[in-house]
Amino acid sequence: MNAPVWLNKLERKFGKYAIPGLMNIMIMGMAIVFIMDNIVGPMAGKVPLAPYLLFSRDAILSGQIWRLITFVFDPMELSPFFLIFTLYFYWLIGSVMENQWGTFRFNVFYFCGVIGTIIGGFITGYTSNTFLTLSLFIAFAAIAPDFQLMLFFFIPVKIKYLAMFDGVLLLVSFFLSGLSGKIAIVMSLINLLIFFGKDFISFVKFRIRHLKYKIKNKR
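Numbering (our numbering), first residue to last: 34 to 252.
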């Protein structure tokens, strides 16, 4: 996928401000929160840190503005084993995407997702980084569809099939959710719409033309 004109213009103007290794920062933040809440906190008798970092419109409007940023550091996973696997996987995704796209473009993609998630959170009152991290997975599958993962450490699966499965679950979740849930999902995935929306529409149009051609030639 070629970079759109507007993104090239932004990069020429603001590229020097791009943050290299952005995903490393995200992963390090998640790891620190997990360690503080599951090791340091219990040993020191401290209250969990994560509840003070999560997105809450009411808390932000009352002055806790750090939640606008810190919600991205929610580690999500409670199991140390799955947390390590998840952080490694998203480190891999971030590294590949940054190498493929360049630092600035990857920054823009990620922060578009963050901004969309924040907007959705202000509309609905609450949001999380769940769909934001999912957008990274889907984008990775779009640029490296034949990348192979070892599911359960011994079943080789191409990432495009996992992304398709997640896409189906996402659609089901969207249609089963109320208005607030629909808004949260769409806004958290706004980066996918910005970066891949045109390609997706072109693909759908191609498939429709191909289907019409096959139907026409069967007559």
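Yeah, the Cβ is synthetic: ideal placement off N, Cα and C, and Gly gets one too.
Nonlocal neighbours in the same chain, by C-beta distance under 8 angstroms from residue i, ignoring five residues either side
| i | result |
| --- | --- |
| Leu55 | Gly127, Glu131, Thr136, Phe139, Asn140, Tyr143 |
| Asn57 | Trp124, Gly127 |
| Leu40 | Arg138, Val141 |
Endpoints, alpha helix (DSSP H) assigned at residue i
| i | result |
| --- | --- |
| Pro189 | No alpha helix (DSSP H) contains Pro189, which is instead part of the beta strand (DSSP E) from 188 to 191. |
| Leu222 | Neither: Leu222 is in no alpha helix (DSSP H) and is coded neither H nor E. |
| Asn140 | 136 to 157 |
| Lys46 | 38 to 47 |
| Thr166 | 163 to 176 |
Span separating the alpha-carbon of residue i from that of residue j
| i | j | result |
| --- | --- | --- |
| Phe118 | Phe228 | 27 angstroms |
| Ile68 | Val38 | 43 angstroms |
| Tyr159 | Phe104 | 10 angstroms |
| Phe25 | Ile216 | In the structure as shown, the chain starts at 34 and stops at 252, and residue 25 therefore has no counterpart that could be examined. |
| Ile192 | Lys231 | 22 angstroms |
| Pro178 | Trp99 | 36 angstroms |
| Thr157 | Gly214 | 8 angstroms |
| Leu87 | Phe115 | 20 angstroms |
| Leu204 | Leu225 | 14 angstroms |
| Asn250 | Phe122 | 46 angstroms |
| Tyr85 | Gln97 | 9 angstroms |
| Val219 | Met76 | 40 angstroms |
| Leu209 | Leu195 | 21 angstroms |
| Trp134 | Ser161 | 26 angstroms |
| Ser112 | Met61 | 17 angstroms |
| Leu212 | Gly78 | 40 angstroms |
Assumed close pair residue i, residue j - CB separation to whole angstroms, cut-off 8 angstroms
| i | j | result |
| --- | --- | --- |
| Cys145 | Ile223 | 6 angstroms |
| Ser168 | Ser221 | 7 angstroms |
| Met109 | Thr163 | 7 angstroms |
| Met63 | Leu120 | 6 angstroms |
| Gly154 | Arg90 | 6 angstroms |
Neighbourhood of residue i by C-beta, 7 angstroms cutoff - its chain only, sequence neighbours within 5 removed
| i | result |
| --- | --- |
| Pro81 | Asp70, Gly74 |
| Val147 | Val105, Leu165 |
| Phe93 | Checking the sequence shown, residue 93 turns out to be Ile, not Phe. The residues are Arg100, Leu101. |
| Ala83 | Val66, Asp70, Asp107 |
| Val129 | Phe173, Ala177 |
| Ala51 | Thr136, Phe137, Asn140 |
| Gly48 | Phe137 |
| Ala175 | Phe229 |
| Ile151 | Leu101 |
Other residues of its chain near residue i: CB distance less than 6 angstroms, five sequence neighbours each side excluded
| i | result |
| --- | --- |
| Gln181 | Pro189, Lys191 |
| Asp253 | A question about residue 253 goes unanswered here, because the residues of the chain that appear run from 34 up to 252. |
| Leu202 | none |
| Glu44 | Phe137 |
| Phe187 | none |
Minimum Cβ-Cβ distance from residue i to chain D less than 8 angstroms
| i | result |
| --- | --- |
| Val190 | Annotation note: the requested chain D is absent from the structure, which comprises a single protein chain. |
Please specify which runs of the alpha helix (DSSP H), each continuous and at least 4 residues long, are wholly inside the region 58 to 124, giving them in chain order. Complete alpha helix (DSSP H) runs here, min 4: 74 to 77, 90 to 94, 100 to 103.
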